[in-house]
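Student: Have a look at this one.
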Amino acid sequence: MTRWTLYFFWIQLFSLVLCEYKDSESLCASRETCSDCLRTPRCVWCSTRVSDHQNANGPLVRCVTREKLLKEGDYWCRTSDVIDEANRMIMLENRALSSTKGTDPVQVQPQKIQLRLRRGNQAEDYQVDLYYLMDLSASMESYRDHLSELGVQLAEAMRKLTSNFRLGFGSFVDKVVLPMTNTQLEKLISPCVLKKSGKPCASPYGYKNQMPLTENITLFKTRVQEAPVSGNLDSPEGGLDAMMQAMVCTEEIGWRQNARRLIIFSTDASYHIAGDGKLAGIIEPNDCLCHLDEQGFYTYSTLQDYPSISQINKVAREHDMNIIFAVPGHKKDTYQLLSRSISGSRIGIIGQKSQNVVALVSGEYEKLVNCITMTDNAPDIIDVKYFSRCLDKNGELTERQECGGLRVGNVVDFEVVLQVTECPENPKEWRKSMQIKPRGINESLTIEVEIVCDCPCERPGYPGHTAAAEDCRGNGSLVCGICSCNDGFYGKQCECVGNADGAENAAAMVDCKPNNETTETCSGRGVCKCGMCECIKRSNPQEVFYGKYCDCDNFSCKRSGGLVCGGRGKCECGTCNCLPGWGGETCDCKETNSTCTPINGQSTEICSGHGDCICGSCHCHEKDNIRYSGQYCEECPTCPGQRCEELKNCVECMAYNSGPLAEDGKCDQCLHQIDIVDKVVEDLEKDLESGARVCRTPGDAGCTFVFKYEYYRGGTGGDIKIFKIQAEKERTCSVPINALGVAVGLIVSTVIIGLLILLIWKILTSIHDKREYAKFERERVLAKWDRGDNPLYKQATTTFSNPMYNENPDVHENDDCN
Numbered sequence: 001m002t003r004w005t006l007y008f009f010w011i012q013l014f015s016l017v018l019c020e021y022k023d024s025e026s027l028c029a030s031r032e033t034c035s036d037c038l039r040t041p042r043c044v045w046c047s048t049r050v051s052d053h054q055n056a057n058g059p060l061v062r063c064v065t066r067e068k069l070l071k072e073g074d075y076w077c078r079t080s081d082v083i084d085e086a087n088r089m090i091m092l093e094n095r096a097l098s099s100t101k102g103t104d105p106v107q108v109q110p111q112k113i114q115l116r117l118r119r120g121n122q123a124e125d126y127q128v129d130l131y132y133l134m135d136l137s138a139s140m141e142s143y144r145d146h147l148s149e150l151g152v153q154l155a156e157a158m159r160k161l162t163s164n165f166r167l168g169f170g171s172f173v174d175k176v177v178l179p180m181t182n183t184q185l186e187k188l189i190s191p192c193v194l195k196k197s198g199k200p201c202a203s204p205y206g207y208k209n210q211m212p213l214t215e216n217i218t219l220f221k222t223r224v225q226e227a228p229v230s231g232n233l234d235s236p237e238g239g240l241d242a243m244m245q246a247m248v249c250t251e252e253i254g255w256r257q258n259a260r261r262l263i264i265f266s267t268d269a270s271y272h273i274a275g276d277g278k279l280a281g282i283i284e285p286n287d288c289l290c291h292l293d294e295q296g297f298y299t300y301s302t303l304q305d306y307p308s309i310s311q312i313n314k315v316a317r318e319h320d321m322n323i324i325f326a327v328p329g330h331k332k333d334t335y336q337l338l339s340r341s342i343s344g345s346r347i348g349i350i351g352q353k354s355q356n357v358v359a360l361v362s363g364e365y366e367k368l369v370n371c372i373t374m375t376d377n378a379p380d381i382i383d384v385k386y387f388s389r390c391l392d393k394n395g396e397l398t399e400r401q402e403c404g405g406l407r408v409g410n411v412v413d414f415e416v417v418l419q420v421t422e423c424p425e426n427p428k429e430w431r432k433s434m435q436i437k438p439r440g441i442n443e444s445l446t447i448e449v450e451i452v453c454d455c456p457c458e459r460p461g462y463p464g465h466t467a468a469a470e471d472c473r474g475n476g477s478l479v480c481g482i483c484s485c486n487d488g489f490y491g492k493q494c495e496c497v498g499n500a501d502g503a504e505n506a507a508a509m510v511d512c513k514p515n516n517e518t519t520e521t522c523s524g525r526g527v528c529k530c531g532m533c534e535c536i537k538r539s540n541p542q543e544v545f546y547g548k549y550c551d552c553d554n555f556s557c558k559r560s561g562g563l564v565c566g567g568r569g570k571c572e573c574g575t576c577n578c579l580p581g582w583g584g585e586t587c588d589c590k591e592t593n594s595t596c597t598p599i600n601g602q603s604t605e606i607c608s609g610h611g612d613c614i615c616g617s618c619h620c621h622e623k624d625n626i627r628y629s630g631q632y633c634e635e636c637p638t639c640p641g642q643r644c645e646e647l648k649n650c651v652e653c654m655a656y657n658s659g660p661l662a663e664d665g666k667c668d669q670c671l672h673q674i675d676i677v678d679k680v681v682e683d684l685e686k687d688l689e690s691g692a693r694v695c696r697t698p699g700d701a702g703c704t705f706v707f708k709y710e711y712y713r714g715g716t717g718g719d720i721k722i723f724k725i726q727a728e729k730e731r732t733c734s735v736p737i738n739a740l741g742v743a744v745g746l747i748v749s750t751v752i753i754g755l756l757i758l759l760i761w762k763i764l765t766s767i768h769d770k771r772e773y774a775k776f777e778r779e780r781v782l783a784k785w786d787r788g789d790n791p792l793y794k795q796a797t798t799t800f801s802n803p804m805y806n807e808n809p810d811v812h813e814n815d816d817c818n
């Protein structure tokens, strides 16, 4: 049997607590207790007793920066009295890497360390558990029949990668309740009829573990063929229900502790999510627990809701599951969205006959083992950053959690930076435990973190803690060199009682001034009482003055977006103490390069190698009239196809023996593989998956040629390497223009067109004139004026008729008779 040695990695771990301040000295000096001092980065405390410091010049500043300690040494504080808790790392378990066949491999070294605050190997013949989770509703009948025949092929393909391989199978339909499933009695017995055989399908069910993980491939084939095909009422299926049970039922499924776990989720439908159960009156949330009976059926299918996507993601991470969604092309978009929300998941397209399942699983598995991603479960108060050179040992150490392009025998180093962001109020939370691990591998580095939030001398019974000390006049305890007064007493030596201010004492007034050059006590923000400043209170209780001389506050820092420190840090003594990952005066600058590296892209270079990462954003370069743009400077508007300009000279030289490289005789410098084809075929979907680009670019002699290149994520550090170039056999060349013919033709056509215009104008004008003359002649002929009459003369009188006068003689006679 062929054995394959997969990749190796070693994790080196170091811790760092580091924050930058503009005025570190004043920030340290404002700390009044040892614990506050040590909680401030780069500050150290002097525990010299008050009585031992009386002869020193000036008041003792007990909390200073480590730089000042190194500079002044004993002039500031005796070495024995300096409290500076250093970071420590203790190795608790450090078993050597092991890849011996027949034994459990050791892949992470060391395995357990202890940090007082403040580095793995993939084995030969690694265990692989693959569980095939399939939708067996009626529409998936053809897929099931072909899957049973592919079991042997699937096992053989996986055993080329590892001989320690096991295979399991489970199926799902949906919840047996309305409206998900038809609950009529006859439909509960047989909800559908199979298309191929014409036989009634099986009773509906939610999820069943048909076959736990086993090395018996023949049994797998039998169980798949025997698996009942059923049906449901609505379109979505109960796939998330089944996935949850397949992940959490460790013993029932048979997951091995140290195996790489793969789930192939195959369906042709969408999925129900949390909340859909309410349609059936199921309101109990999913409890993420195993509920399989002895026959392998999911018994809580109708008792609790579907799991949410966040629950699936959480459980997949906790159980180191690598999920491959094998779906038809028409469901690609749906499951791409789901895959983006589930850590460690991928998507692949299966054909109608599932003949590409073997290639899909093998390919996706190779992607898993060719890429390593670091994960952790650090608490919120610990910020974790990962740095690596991946496979480029001489490259730049950059912030990244993932390295790709790994091959047999590769070694990858990761450096991990831990930063404590705050001290919990509860001392019980000062001890934390966390794990750092590669995703998909059930081994981890356990880190026990002890956070330094106080000083030993502040604990009763420890050296440096004296109750009723003479230095405190018996009215308080001496704690780390300063007095902690009993109730009712205050002052440097607890010499003051009640509310006496002691302001009349000149010595007390001096103690309330930072130096002798100022006459203002307590920085004008407080009252001097018994040589100590009592800071005034502001109307807003969230805003306070503090410090030995009330010289600090938590509200006067610069603002961004209307918020102090941009809402991404704390204002300490007038300076922003930013949260991890942020910097700048107002904490609005991202201190990481990870946001400048494309996610799931072809390049792992910062800003694609075409820009600088400033404040977490890419600022792209512009050179030689070539300007890059885009979020990661991955786009080049002036570079067709982005790499077309880079490759065109080689393609033109190798394919057509022309271009600048051919003229210089430098074709041998082109190391790319160039294939000559009759026609470059464009397929948008396949080209998108493979990262192929089609270029149409001009060349010599006015010819344009077409070529297509594919690139992949490989090489050292995941750099881009050109994989294959296809160039069309024939170029498209333009025909030379006959300049003389064009000129003569232009002149002749201009003259002819001019003459035609003149001729048309002349004809139209003649027609118009002829019509006007004819009109004139008609009017002249029709005029018949008498020369004896003046046509302008009018009579001076007007004749009117009397309407009442009747000229009929008969009527007059009749009137006379009357």
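Mapped onto full-length UniProt numbering, the consecutive letters of the sequence shown carry residue numbers 1 to 818.
Where a beta carbon is used, it is the ideal one built from N, C-alpha and C, also for glycine.
What whole-angstrom Cβ distance do phenylalanine 169 and tyrosine 132 have, given they're in contact under 8 Å?
Tutor: The residue labelled residue 169 in the question sits at position 169 within the sequence shown. The residue labelled residue 132 in the question sits at position 132 within the sequence shown. Indeed they touch by this definition, with Cβ atoms about 5 Å apart.
Student: How is the alpha helix (DSSP H) around valine 748 delimited, first residue to last?
Tutor: Counted from its first residue, the sequence shown places residue 748 at position 748. Taken as a continuous stretch (DSSP letters only), the alpha helix (DSSP H) holding valine 748 covers 739-782.
Student: With distances taken between CB atoms, is the gap from cysteine 533 to cysteine 512 smaller than 7 Å?
Tutor: One-based indexing of the sequence shown puts residue 533 at position 533. One-based indexing of the sequence shown puts residue 512 at position 512. Yes. Within cutoff.
Student: With 16 as the cutoff for other CB atoms within 10 Å, does threonine 732 come out buried or exposed?
Tutor: Along the sequence shown, read from residue 1 onward, the residue named residue 732 stands at position 732. So threonine 732 ends up on the exposed side.
Student: Please report how far the alpha carbon of aspartate 413 lies from the alpha carbon of phenylalanine 387, in whole angstroms.
Tutor: What you label residue 413 is simply residue 413 of the sequence shown in a count that begins at 1. What you label residue 387 is simply residue 387 of the sequence shown in a count that begins at 1. Distance between the alpha carbons of aspartate 413 and phenylalanine 387 is about 9 Å.
Student: In three-state DSSP terms, what is alanine 701?
Tutor: Translated into positions along the sequence shown, residue 701 becomes position 701. Correct three-state label for alanine 701: helix.
Student: Please report the distance separating the alpha-carbon of alanine 467 from that of lysine 492.
Tutor: Position 467 of the sequence shown, counted from the first residue, corresponds to residue 467. Position 492 of the sequence shown, counted from the first residue, corresponds to residue 492. Roughly 15 Å between the two C-alpha positions.
Student: From the DSSP secondary-structure annotation, give me the bridge partner or partners of methionine 804.
Tutor: The count along the sequence shown starts at 1 and reaches residue 804 at position 804. According to DSSP, which records beta bridges pairwise, methionine 804 is partnered with nothing at all.
Student: In whole angstroms, what is the alpha-carbon distance linking leucine 542 and cysteine 535?
Tutor: Residue mapping note: residue 542 aligns to position 542 of the sequence shown, counting from 1. Residue mapping note: residue 535 aligns to position 535 of the sequence shown, counting from 1. Rather than leucine, the amino acid found at residue 542 in this sequence is glutamine. When rounded, the distance between both Cα atoms is 14 Å.
Student: Does the structure place the segment 373-387 close enough to the segment 431-441 that three or more beta carbon pairs sit under 8 Å?
Tutor: yes
Student: Distance, Cα to Cα, glycine 524 vs glutamate 450?
Tutor: Taking the sequence shown and counting its residues from 1, the one referred to as residue 524 is at position 524. Taking the sequence shown and counting its residues from 1, the one referred to as residue 450 is at position 450. Those two C-alpha atoms are separated by around 40 Å.
Student: Please classify tryptophan 761 as buried or exposed, where buried requires at least 16 neighbouring CB atoms within 10 angstroms.
Tutor: Numbered from 1 along the sequence shown, position 761 holds the residue referred to as residue 761. When all chains shown are included, tryptophan 761 counts as exposed.
Student: How is tryptophan 430 classed by DSSP in three states: helix, strand or coil?
Tutor: Within the sequence shown, numbered from 1, the residue matching residue 430 stands at position 430. Residue state, collapsed to three classes: helix.
Student: Going by other Cβ atoms of all chains shown within 10 Å of its Cβ, with 16 needed for buried, is threonine 519 buried or exposed?
Tutor: Your numbering for residue 519 matches position 519 in the sequence shown. Exposed is the call here.
Student: Name the residue from Phe165, Gly464, Ile747 whose alpha carbon lies nearest to the alpha carbon of leucine 130.
Tutor: Looking up residue 130 in the sequence shown gives position 130. Ranking the options by Cα distance to leucine 130, first place goes to Phe165.
Student: Taking a contact to mean a Cβ-Cβ separation below 7 Å, would you say glycine 464 touches serine 47 in this structure?
Tutor: Along the sequence shown, one-based indexing puts residue 464 at 464. Along the sequence shown, one-based indexing puts residue 47 at 47. Taking 7 Å as the Cβ cut-off, glycine 464 and serine 47 qualify as a contacting pair.
Student: Is the beta carbon of cysteine 77 sitting closer than 7 Å to the one on cysteine 28?
Tutor: Residue mapping note: residue 77 aligns to position 77 of the sequence shown, counting from 1. Residue mapping note: residue 28 aligns to position 28 of the sequence shown, counting from 1. In this structure, cysteine 77 keeps its C-beta atom at 7 Å or more from the C-beta atom of cysteine 28.
Student: Looking at the secondary structure, which residues open and close the beta strand (DSSP E) in which alanine 326 lies?
Tutor: Within the sequence shown, residue 326 is the residue found at index 326, counting from 1. 321-327 is the span of the beta strand (DSSP E), which, as asked, contains alanine 326.
Student: What is the rounded straight-line gap between the Cα of cysteine 587 and the Cα of serine 560?
Tutor: Position 587 of the sequence shown, counted from the first residue, corresponds to residue 587. Position 560 of the sequence shown, counted from the first residue, corresponds to residue 560. Spanning the two alpha carbons is a distance of roughly 8 Å.
Student: Measuring straight from C-alpha to C-alpha, what distance separates threonine 373 and serine 343?
Tutor: Residue numbering aside, residue 373 sits at position 373 when the sequence shown is read from its first letter. Residue numbering aside, residue 343 sits at position 343 when the sequence shown is read from its first letter. Spanning the two alpha carbons is a distance of roughly 11 Å.
Student: Between alanine 326 and isoleucine 283, is the Cβ-Cβ spacing less than 7 Å?
Tutor: As a working mapping, residue 326 is identified with position 326 in the sequence shown. As a working mapping, residue 283 is identified with position 283 in the sequence shown. No, these two residues do not count as a Cβ contact at 7 Å.
Student: Taking DSSP's pairing of strands, which residues face histidine 619 in a bridge?
Tutor: To locate residue 619, count along the sequence shown from 1; it is residue 619. For histidine 619, which the question treats as bridged, DSSP gives the partners Asp612.
Student: So, leucine 262 versus asparagine 322, is the Cβ gap smaller than 7 Å?
Tutor: Position 262 of the sequence shown, counted from the first residue, corresponds to residue 262. Position 322 of the sequence shown, counted from the first residue, corresponds to residue 322. Result yes, Cβ atoms of leucine 262 and asparagine 322 sit closer than 7 Å.
Student: Would the segment 553-570 count as touching the segment 26-41 if we require 3 or more Cβ pairs under 8 Å?
Tutor: no
Student: Could you give the first and the last residue of the continuous beta strand (DSSP E) run that contains leucine 213?
Tutor: Here residue 213 refers to the residue found at position 213 of the sequence shown. Boundaries of the beta strand (DSSP E) around leucine 213: 207-214.
Student: Taking 7 Å as the threshold (C-beta atoms), are cysteine 653 and cysteine 667 in contact?
Tutor: As a position in the sequence shown, residue 667 is number 667, starting the count at 1. As a position in the sequence shown, residue 653 is number 653, starting the count at 1. Contact flag set, yes.
Student: I need the boundaries of the alpha helix (DSSP H) containing arginine 459, first residue and last residue.
Tutor: Working through the sequence shown from its first residue, we reach residue 459 at position 459. Looking at the DSSP string, arginine 459 is not in any alpha helix (DSSP H), and its letter there is neither H nor E.
Student: Using only alpha-carbon positions, find the residue among Tyr656, Cys596, Ala274 that is nearest to glycine 630.
Tutor: Taking the sequence shown and counting its residues from 1, one reaches residue 630 at position 630. Nearest of Tyr656, Cys596, Ala274 to glycine 630, Cα basis: Cys596.
Student: For cysteine 249 and serine 171, I'd like the C-alpha separation in whole angstroms.
Tutor: As a first step, residue 249 must be located in the sequence shown, where it is residue number 249. As a first step, residue 171 must be located in the sequence shown, where it is residue number 171. In this structure, the alpha-carbon of cysteine 249 lies about 15 Å from that of serine 171.
Student: Under the DSSP definition of a beta bridge, which residues are partnered with tryptophan 582?
Tutor: Position 582 of the sequence shown, counted from the first residue, corresponds to residue 582. Looking at the DSSP assignment, tryptophan 582 forms a beta bridge with Lys590.
Student: Here's the rule I'm using: 16 or more other beta-carbon atoms within 10 Å means buried, otherwise exposed. How should arginine 780 be labelled?
Tutor: As a first step, residue 780 is located in the sequence shown; it is residue number 780 there, counting from the start. Residue environment: arginine 780 is assigned as exposed (fewer than 16 neighbouring CB atoms within 10 Å of its CB, all protein chains considered).
Student: Relative to the alpha-carbon of valine 651, which residue among Gly395, Asp700, Cys620 has its alpha-carbon at the smallest distance?
Tutor: The sequence position of residue 651 within the sequence shown is 651, counting from 1. Of Gly395, Asp700, Cys620, the residue nearest in Cα terms is Asp700.
Student: Do glycine 609 and histidine 621 have their beta-carbon atoms positioned less than 7 Å apart in this structure?
Tutor: Position 621 of the sequence shown, counted from the start, is the residue given in the question as residue 621. Position 609 of the sequence shown, counted from the start, is the residue given in the question as residue 609. Contact flag unset, no.
Student: Can you give the Cα-Cα distance for arginine 400 and aspartate 664, rounded to whole angstroms?
Tutor: Locating residue 400 in the sequence shown gives position 400, counting from the first residue. Locating residue 664 in the sequence shown gives position 664, counting from the first residue. Cα-Cα distance, rounded: 42 Å.
Student: With cysteine 37 as the anchor, note down where its alpha helix (DSSP H) starts and where it stops.
Tutor: The sequence position of residue 37 within the sequence shown is 37, counting from 1. Where cysteine 37 is concerned, the enclosing alpha helix (DSSP H) stretches over 34-38.
Student: Taking the C-alpha atoms as reference points, what is the distance between leucine 185 and proline 179?
Tutor: Within the sequence shown, the letter at position 185 stands for residue 185. Within the sequence shown, the letter at position 179 stands for residue 179. Between leucine 185 and proline 179, the C-alpha separation is close to 15 Å.
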